[in-house]
Ligand SMILES: [Zn+2]
């Protein structure tokens, strides 16, 4: 009996040595260990034909054989896995160039917004991040535009209810800054504003603005002009020229429309500037005494200026884009040019 078990062991050793891959490993495993038809099960079935006294020794020998088969097969599998892992390692060529990642980029409007903020931070201004959902008081009333003021009509507004709206300009920074800070005040706010405008080449119901306010003793129109000159030269280029025309905004007195010499034709005349040589760029003025008083600033002691500009308008001019919608449609073919 032990002779036939020795024989089985030898056969198994031969089969084990002949394994050359996963398929043959599985075949050997099934040949010896399969539950119904495996060699070991089949041999064990012979147990009942043996004389009673021979059975325990045979059973024990077969169990030893099964343990040996299981152990050897497991060892073989571990070796194969280790070999495979080391082959994989050798295949990694660390000198190969890496796969290029498609990097995103900053949206041109956002980049311009942060450029503008940087210019003002470098001049000692404080940035106000203000809510886009605003109280009527900060957007209108505190800026000398009480209810039924005709100037409100020019800014067709999205209202939530009587007193809450989507801000129509960043000029709300004037009221917030004057309420929160004591003079001297140098504050700026940038961000999205909303108006019930159509969505066409020159209008958008959402666009970006920057608003600036300075309150100190003895501030004059000359300070306003000087600061605008510094800012516009840094924003565009150093030989840009500027002019102020009278303009009306309820929260400033006097108010001015500010033009710059056309950046495309340097003032000679071209289609962009409608042959005038000038392009309107922003609105400005001296903060209205009523606005100062409403925000608790002593208008007999302090004066100041404020101005606001469309950031999209600057982007259009700087990049020579003829349709504002391109900035908001998120077409990657357009955005990748910046
Ligand atoms: Zn021009």
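In the numbering used here, the protein residues as written are -9 to 328.
Just so you know, even glycine gets a beta-carbon here, dropped at the ideal spot from N, CA and C.
- If you check the C-beta of residue 259 against ligand 1, you find a heavy atom less than 7 Å away.
- Around the C-beta of residue -6, fewer than 16 other C-beta atoms lie within 10 Å, and the residue is accordingly described as exposed.
- Straight-line spacing of the CA atoms in residue 168 and residue 282 works out to 8 Å.
- A Cβ-Cβ separation of about 5 Å places residue 233 in contact with residue 249 under the 8 Å criterion.
- Comparing alpha carbon positions, the residue from 139, 163, 153 closest to residue 118 is 163.
- Going by DSSP, residue 222 is part of the alpha helix (DSSP H) stretching over 211 to 225.
- Around the beta carbon of residue 165, a 10 Å sphere encloses 16 or more other beta carbons of the protein chains shown; the residue is thus reported as buried.
- Counting of Cβ neighbours within 10 angstroms places residue 157 among the buried residues, the total reaching 16 or more.
- Residue 251 sits in a strand when the DSSP states are folded into three classes.
- Judged by their CB atoms, residue 48 and residue 55 are not nearer to each other than the 8 Å cut-off.
- A direct Cα-to-Cα measurement between residue 326 and residue 313 gives close to 16 Å.
- Secondary structure of residue 135 (DSSP, three-state): coil.
- Excluding its 5 nearest sequence neighbours in each direction, residue 271 has C-beta neighbours in its own chain below 6 Å: 248, 250, listed in chain order.
- Inclusion of residue 160 and residue 204 in the CB contact set at 8 Å is not warranted, their separation being larger than that value.
- Here the distance from the Cβ of residue 254 to the nearest heavy atom of ligand 1 is below 7 Å.
- Secondary structure note for residue 194: it is in no beta strand (DSSP E), with a DSSP letter that is neither H nor E.
- Only exposed fits residue 189, as fewer than 16 other CB atoms lie within 10 angstroms of its CB.
- A residue is called buried once 16 or more other Cβ atoms fall within 10 Å of its Cβ, and residue 307 is buried on that count.
- In the DSSP assignment, residue 162 falls within the unbroken alpha helix (DSSP H) covering 162 to 170.
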